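Residue numbers (our numbering), protein chains in the order written: chain A, 19 to 129; chain B, 73 to 185.
Think of the CB as a built atom: it goes at the ideal place given N, C-alpha and C, for glycine as much as any other residue.
No experiment lies behind these values; they were computed from the predicted model shown.
First the structure, in the form of structure tokens, and then the observations on it.
This is the structure we're talking about:
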């Protein structure tokens, strides 16, 4: 059973468009991390959200943590080709605090 | 700091051969993770060490896989014997503490033919 469900799995858009990707679960999270992975590289942390209802902004990226801390979203405004990559959400928790990832959303921004 | 260092970057081996992947975590980090990434299954956690001790190895596929962390600055993931279905990108990551940012290496692309 996948603890973290990400949608959509694939997204291809034109430069300048807005988009939202989602990370959902039936479990409550103490915190959630968002990573971006570019081709040939390892994932790199973008942000950690901790408080239910929290909104964090990173330039054109807006991250939101659901009030119930079961879901999160990433909204990108005016997407650019440099935003292309695999967006992963991750959770560190459970009895062993292992860091578990969703399958990700593969975003392609076409010029 | 140079970040998490993995070697080799690419490995091509024949079925049945032993493969050893290496990782040097960031100095001072207490947690080390080994992941395997494929298109079908995404990024799967294989094993997780804290202070050089294996905490959770429930993701290790089978007995052909083993991992060690003899000291705080070095870890290995060994596959013996290797099979074509082991072909994937293997990542090592380290973090200062649990719940904090994980820093990933560039990965080892393994191809078993």
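So that I know if they touch, is there some Cβ in chain B lying closer than 9 Å to that of residue 116 of chain A? Locating residue 116 of chain A in the first chain gives position 98, where the first residue counts as 1. Yes - at least one Cβ of chain B is within 9 Å of the one on residue 116 of chain A.
Flag residue 61 of chain A as yes if its beta-carbon sits less than 9 Å from any beta-carbon of chain B, otherwise no. Walking along the first chain from the start, residue 61 of chain A turns up at place 43. Answer yes: the Cβ-Cβ gap between residue 61 of chain A and chain B drops below 9 Å somewhere.
State yes or no: is the beta carbon of residue 94 of chain B nearer than 9 Å to at least one beta carbon in chain A? Looking up residue 94 of chain B in the second chain gives position 22. Output row for residue 94 of chain B: interface = no.
Answer yes or no: does any C-beta atom of chain B fall closer than 9 Å to that of residue 43 of chain A? By 1-based counting over the first chain, the position of residue 43 of chain A is 25. No - not a single Cβ of chain B is within 9 Å of the one on residue 43 of chain A.
From which residue to which residue does the beta strand (DSSP E) around residue 42 of chain A run? Counting from one through the first chain, the residue named residue 42 of chain A turns up at place 24. Note, residue 42 of chain A: beta strand (DSSP E), 37-42.
If residue 119 of chain B sits next to residue 132 of chain B, beta carbons under 8 Å apart, how far is it from one beta carbon to the other, in whole angstroms? The residue you call residue 119 of chain B lines up with position 47 of the second chain. The residue you call residue 132 of chain B lines up with position 60 of the second chain. At roughly 6 Å, the Cβ-Cβ gap stays under 8 Å, so residue 119 of chain B and residue 132 of chain B are in contact.
Span separating the alpha-carbon of residue 177 of chain B from that of residue 71 of chain A: Along the second chain, read from residue 1 onward, the residue named residue 177 of chain B stands at position 105. Along the first chain, read from residue 1 onward, the residue named residue 71 of chain A stands at position 53. Each residue's Cα considered, the two are about 32 Å apart.
Starting from residue 93 of chain A, follow its DSSP beta bridges and name the residues at the other end. Position 75 of the first chain, counted from the start, is the residue given in the question as residue 93 of chain A. For residue 93 of chain A, which the question treats as bridged, DSSP gives the partners A/38 and A/80.
Please state the DSSP three-state secondary structure of residue 100 of chain A. The residue given as residue 100 of chain A occupies position 82 in the first chain. In this structure, residue 100 of chain A counts as helix in the three-state DSSP scheme.
For residue 19 of chain A and residue 84 of chain B, what's the separation of their Cα atoms in angstroms? One-based indexing of the first chain puts residue 19 of chain A at position 1. One-based indexing of the second chain puts residue 84 of chain B at position 12. Note that residue 19 of chain A has pLDDT 45, beneath the 50 cutoff, so the model's placement of it is unreliable and no number is given.
Any idea which residues DSSP pairs residue 143 of chain B with across the strands? As a working note, residue 143 of chain B is residue 71 in the second chain. Note: residue 143 of chain B sits in a beta bridge opposite B/146.
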